[in-house]
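Data block below; observations after.
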Amino acid sequence: MSSQVPSDLLYAKSHEWARVENGIATVGITDHAQHELTDIVFVELPAKGRQVKSGEACAVVESVKTASDIYSPVSGEVIETNPAVIQDPSLVNSDPYATGWFFKVRLSSAEAPGDLLTPQAYAAQIGA
Amino acid sequence: MAKVIAEMLVESVKLELPDVKTVRLQWPEGYDPGEFKTGQFITVYWPHKPKYKRAYSLSSSGLDRGAYEVTVKRDGKMGTSIVDWVDAGDKLFVIPPTGRFLPVFDPPGKHLICVAGGSGVTPFRGFVREATRRNLDTRITVLYSVRTTQDIIFFDEFTALEKENPRFKFHVTCTRLAPEHPWTGRRGRLSPEWIKSFIDDPAQTVFYACGTNEMVESVEHLVLHDLHLTKEQMKTEKWG
Numbered sequence: 280m281s282s283q284v285p286s287d288l289l290y291a292k293s294h295e296w297a298r299v300e301n302g303i304a305t306v307g308i309t310d311h312a313q314h315e316l317t318d319i320v321f322v323e324l325p326a327k328g329r330q331v332k333s334g335e336a337c338a339v340v341e342s343v344k345t346a347s348d349i350y351s352p353v354s355g356e357v358i359e360t361n362p363a364v365i366q367d368p369s370l371v372n373s374d375p376y377a378t379g380w381f382f383k384v385r386l387s388s389a390e391a392p393g394d395l396l397t398p399q400a401y402a403a404q405i406g407a
Numbered sequence: 029m030a031k032v033i034a035e036m037l038v039e040s041v042k043l044e045l046p047d048v049k050t051v052r053l054q055w056p057e058g059y060d061p062g063e064f065k066t067g068q069f070i071t072v073y074w075p076h077k078p079k080y081k082r083a084y085s086l087s088s089s090g091l092d093r094g095a096y097e098v099t100v101k102r103d104g105k106m107g108t109s110i111v112d113w114v115d116a117g118d119k120l121f122v123i124p125p126t127g128r129f130l131p132v133f134d135p136p137g138k139h140l141i142c143v144a145g146g147s148g149v150t151p152f153r154g155f156v157r158e159a160t161r162r163n164l165d166t167r168i169t170v171l172y173s174v175r176t177t178q179d180i181i182f183f184d185e186f187t188a189l190e191k192e193n194p195r196f197k198f199h200v201t202c203t204r205l206a207p208e209h210p211w212t213g214r215r216g217r218l219s220p221e222w223i224k225s226f227i228d229d230p231a232q233t234v235f236y237a238c239g240t241n242e243m244v245e246s247v248e249h250l251v252l253h254d255l256h257l258t259k260e261q262m263k264t265e266k267w268g
């Protein structure tokens, strides 16, 4: 089954997505990642106020098969986390780009992060 | 008959390595798991956390009745709690075995080449146990990648089974040993050349790969694209 790669997002090689609007990035994991992980049963998110750097492990997801670190695709301050995925981790499987988001980061730089992949480049990486 | 979720008593535990524990889950009285096979996995959860489930390959075989054995690495909340805390007398809920990572014992005469990384070796203990106990003519070769000799799970049991069963071979490769370490076995990562060196009759060979997605996909690529074998000759179990 082919994974969805929405055209309005940026992507990290490690399978996180970022939606950047007005200096704030909303972060989650991709459809491809949730497929690979299978049924997600636990999510741990960074504390609000934490400073994260691009590429830094700052969250954890566990599926029925494995536990994986999640890396922030951007640098900045965590300003909001999604309580819904803590309560119902299966949202990450069913709706990875909307209600299954993980956290929001106020970017430390006003410019959009330049080292993330375009949708086309990420699709090529995963063979979608 | 519908498969039944059952609360099971931890009959015994065995610390295989400092971060790996085998847990033996006793079937309750009257428990009927239905038909289950070597190589399948069970899903477990704590009585107080029914939504938090983890799946583990059986490290026992389909011939082992009365209890399931799973061998768990300290990984995530469940792996950590099992390795650090679970003891005989505790209870876990168990969803009965399922899965298609099954050894091809029928028809006879196959050669199963089983490639494992880390705790991905656990289902292969069941494969070898069953083949040995049934005195099958199936050949099994386990190719096992670990970081160091301290990370080899089931070393003693596989070594003993190798003596008992002349059709079983166990080969380890260590990826991160210090040069001065006295290990005389293979060093370095799993390579296509090493795996290919164990194939004598491709048509009779079935490959199994259990471990990280990256490792499993590299074996899959070797078997399907380089060796041009069929999908039926490649069976995978990814950790995610």
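Chains as they are written, first to last, in my numbering: chain W, 280 to 407; chain Y, 29 to 268. Note that the Cβ used here is the ideal one computed from N, Cα and C, for glycine as well. Values in this document were obtained by computation on a predicted structure and should not be read as measured data.
Give the interface partners of residue i over in chain Y, defined as CB-CB distance under 8 Å, in chain order.
i, result
"W:V364", "Those do not exist, as W:V364 stays about 13 Å from chain Y at its closest Cβ, beyond 8 Å."
"W:S320", "The sequence given here has Val at residue 320 of chain W, not Ser. Near W:V320 (Cβ distances below 8 Å), the residues of chain Y are K79, Y80, K81, R82."
Rounded to whole angstroms, what is the Cα-Cα separation between residue i and residue j?
i, j, result
"W:P362", "W:T378", "10 Å"
"Y:I223", "W:E300", "49 Å"
"Y:F152", "Y:F182", "10 Å"
"W:Q399", "Y:P124", "42 Å"
"Y:L218", "W:A336", "27 Å"
"W:Y273", "W:T309", "This structure gives no information on residue 273 of chain W, because the portion of chain W shown stretches from 280 to 407."
"Y:E248", "Y:V72", "29 Å"
"W:W296", "W:Q330", "18 Å"
"Y:V38", "Y:L189", "26 Å"
"Y:M29", "Y:R204", "For Y:M29, the predicted model reports a pLDDT of 48, less than 50, meaning its position is unreliable and no value from the coordinates is stated."
"Y:F196", "W:F381", "47 Å"
"W:H311", "Y:E57", "43 Å"
"W:V364", "Y:H139", "45 Å"
"Y:T177", "Y:E242", "22 Å"
"Y:V244", "Y:L255", "15 Å"
"W:R298", "W:S354", "13 Å"
"Y:C202", "Y:W211", "9 Å"
"Y:T264", "Y:G127", "11 Å"
"Y:A231", "Y:Q261", "9 Å"
"W:D287", "W:L396", "12 Å"
"Y:Y59", "Y:I180", "34 Å"
"Y:Y84", "W:S388", "44 Å"
"W:S281", "W:A407", "6 Å"
Can you name the residues of chain W whose CB is closer than 9 Å to the CB of residue i?
i, result
"Y:D165", "Those do not exist, as Y:D165 stays about 33 Å from chain W at its closest Cβ, beyond 9 Å."
"Y:K259", "The contacting residues do not exist; Y:K259 stays about 16 Å from chain W at best."
"Y:T71", "V343"
Using a threshold of 9 Å, state whether the C-beta atoms of residue i and residue j are closer than that.
i, j, result
"Y:W74", "Y:L120", "yes"
"Y:L171", "Y:F129", "no"
"W:V384", "W:E356", "yes"
"Y:A144", "Y:A34", "no"
"Y:K266", "W:V320", "no"
"Y:V51", "Y:V98", "yes"
"Y:G137", "Y:T169", "no"
"W:E284", "W:P352", "In the sequence on display, residue 284 of chain W carries Val and not Glu. Going by C-beta atoms, W:V284 is not nearer than 9 Å to W:P352."
"Y:L252", "Y:T233", "no"
"W:I303", "W:K327", "no"
"Y:G146", "Y:V114", "no"
"W:A346", "Y:D118", "no"
"W:E341", "Y:M106", "yes"
How would you list, in chain order, the residues of chain W whose beta-carbon sits under 8 Å from the beta-carbon of residue i?
i, result
"Y:K105", "F321, E341, A346"
Could you tell me which whole beta strand (DSSP E) segments of length 3 or greater appear in the segment 53-102 of chain Y? 69-73, 81-85, 95-101
4-residue-minimum alpha helix (DSSP H) runs that sit fully inside the segment 99-129 of chain Y, ordered along the chain: 104-113
Cβ pair count under 8 Å reaching 3, the segment 156-176 of chain Y against the segment 84-94 of chain Y: yes
Tell me the start and end of each unbroken alpha helix (DSSP H) in the segment 168-232 of chain Y that is at least 4 residues and wholly inside, in chain order. 183-192, 220-224
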